[in-house]
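Quick notes on the structure that follows.
Residue numbers (this note's numbering): 73 to 145.
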């Protein structure tokens with residue numbers, strides 16, 4: 073099965089809401105950068121903690137994955 077992985081410029085949550093409303097997508101999972109275990113080698117700024125590290129959506133019987141791109145990532 074072929075899937076999609078969409079990258080967004082810091083507006084993935086906004087895009088997910090649009091896909092839910094416009095296309096009836098269902099959110100399966102959302103992981104944010106702030107959910108990661110602290111790592112001194114990979115410091116996440118406060119502003120980046122709400123960005124999406126990985127999300128999965130169900131859309132028309134297919135799974136679509138998406139994430140934010142950030143300077144930290």
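We put the beta carbon where it would ideally sit given N, CA and C, even for glycine. These numbers come from a predicted model, not from an experiment.
Can you have a look at residue i and say buried or exposed, based on whether 16 or more other CB atoms are within 10 angstroms of its CB?
| i | result |
| --- | --- |
| residue 124 | buried |
| residue 212 | Nothing can be reported for residue 212: it is not among the residues displayed for the chain, which extend from 73 to 145. |
| residue 77 | exposed |
| residue 113 | exposed |
| residue 104 | buried |
| residue 107 | exposed |
| residue 96 | exposed |
Taking Cβ positions only, does residue i come closer than 7 Å to chain C?
| i | result |
| --- | --- |
| residue 88 | Annotation note: the requested chain C is absent from the structure, which comprises a single protein chain. |
In three-state terms, what does DSSP make of residue i?
| i | result |
| --- | --- |
| residue 145 | Because residue 145 carries a pLDDT of 47, less than 50, the predicted location of this residue cannot be relied on, and the following value inherits that uncertainty. In the structure shown, residue 145 sits in coil (DSSP, three-state: anything other than H, G, I, E or B). |
| residue 122 | coil |
Subject >> Segment contact flag, the stretch 126–136 with the stretch 96–104, C-beta cutoff 8 Å, min 3 pairs >> reply: yes
Subject >> Whole runs of the alpha helix (DSSP H) within the stretch 75–108, excluding any shorter than 4 residues >> reply: 84–95
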